[in-house]
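Going by UniProt numbering, the residue at position 199 of the sequence shown is 199; the numbering climbs one at a time, nothing skipped.
Each residue gets a CB set at the ideal place from its N, CA and C atoms; glycine is no exception.
Just so you know, these numbers come straight off a predicted model, no measurement behind them.
Worksheet: the structure to be examined is printed underneath.
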Amino acid sequence: MAPPRKGTDRPSPRAERTYKSLASHPALAFMRAPDTPRPKWENLDYYTHGVDTRTEEHFRGAAYYGETGTKARVMMLFLWLIAQMLPPDSDASSLVSGAVAQGLPAGEDIEDYEEVIHELVDTFRRPLPDHIKKTLESLCPRRSDAEFEAFMDLVRESYREDVVFDYAVEDAPSALLNVLEGVVIVPRKPGTERLIAWCMDKFFMG
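Here you go:
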């Protein structure tokens, strides 16, 4: 994403610190990217890859901050993908505030970031950009409910019972932002399956 044009409003100091916090999130340490001429974080900045990219405020604002902003956009998209898998009446505020809080300097109070977090949550309630949505939907085959359950039963039977972690995003929205060692995640719902597929195929996690 090109830097904003001269004369446009720079993000607030609070927004800037939010981007820096997200850019230091531990989840980024577990993302990989294929070797290409493009820098690693640009490879993973899928928000900017589509011709139909919209200009949500904080994705645009992060463009002021070089690699830090690119890493922040990667994390913002990750949070957006997770939020889209939650039930419509769910509040993603805890997910977003928890992610931001992890990278704040000592002494900073997450409550001081309420306005920026509210703006991010509003963004994550909107539909994903078309190119992201199409890619996400292409990662897993369409199955009936019965076919999905039968397939996941086969997956469970392939591993010891004590390492299987049956998971749906709404149970613990932030779980995929953390290292889950010694377990095999088995999605309970198709949306969770697509999210896990994105983590593996697009963020090269796991």
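Taking only three categories from DSSP, how would you classify residue i?
i: Val164; result: strand
i: Ser127; result: It should be pointed out that residue 127 corresponds to Pro in this sequence rather than to Ser. It is coil, neither helix nor strand.
i: Arg142; result: coil
i: Arg14; result: helix
i: Leu154; result: helix
i: Tyr159; result: coil
i: Val179; result: coil
i: Lys202; result: coil
i: residue 207; result: Any property of residue 207 remains undetermined from this structure, which presents the chain solely from 1 to 206.
i: Thr36; result: coil
i: Glu193; result: helix
i: Ala106; result: coil
i: Ser90; result: coil
i: Asp122; result: helix
i: Asp9; result: coil
i: Ser24; result: coil
i: Glu147; result: helix
Are the beta-carbon atoms belonging to residue i and residue j less than 9 Å from one another?
i: Asp109; j: Arg14; result: no
i: Ser174; j: Ala63; result: no
i: Lys71; j: Ala146; result: no
i: His25; j: Leu120; result: no
i: Tyr47; j: Tyr19; result: no
i: Leu154; j: Asp201; result: no
i: Met76; j: Thr123; result: yes
i: Ser12; j: Val96; result: no
i: Ala92; j: Ser21; result: no
i: Ala27; j: Leu177; result: yes
i: Arg10; j: Glu56; result: no
Along the chain, where does the beta strand (DSSP E) containing residue i start, and where does it finish?
i: Ile185; result: Val184 to Pro187
Just curious, the alpha helix (DSSP H) that residue i is in, first and last residue?
i: Val100; result: Ser93 to Ala101
i: Thr68; result: Gly66 to Gln84
i: Phe59; result: Glu57 to Gly61
i: Leu44; result: Lys40 to Leu44
Could you give the C-beta distance for residue i and residue j, rounded to a whole number, given that I count them as a contact under 8 Å?
i: Asp45; j: Arg73; result: 5 Å
i: Lys189; j: Ala172; result: Contact doesn't hold; Cβ gap of about 13 Å is too wide.
i: Arg194; j: Glu137; result: 7 Å
i: Val186; j: Arg142; result: Actually they do not touch by this definition, with Cβ atoms about 19 Å apart.
i: Leu79; j: Trp198; result: Incorrect: roughly 13 Å between the Cβ atoms, too far for contact.
Does the pairing of the region 154-163 with the region 87-97 give three or more beta-carbon distances under 8 Å? Taking 8 Å as the limit for Cβ pairs, the verdict is that the region 87-97 does not touch the region 154-163.
Report yes or no: do the region 32-40 and the region 118-137 share at least 3 C-beta pairs separated by less than 8 Å? No: the two stretches stay apart, fewer than three of their Cβ pairs being nearer than 8 Å.
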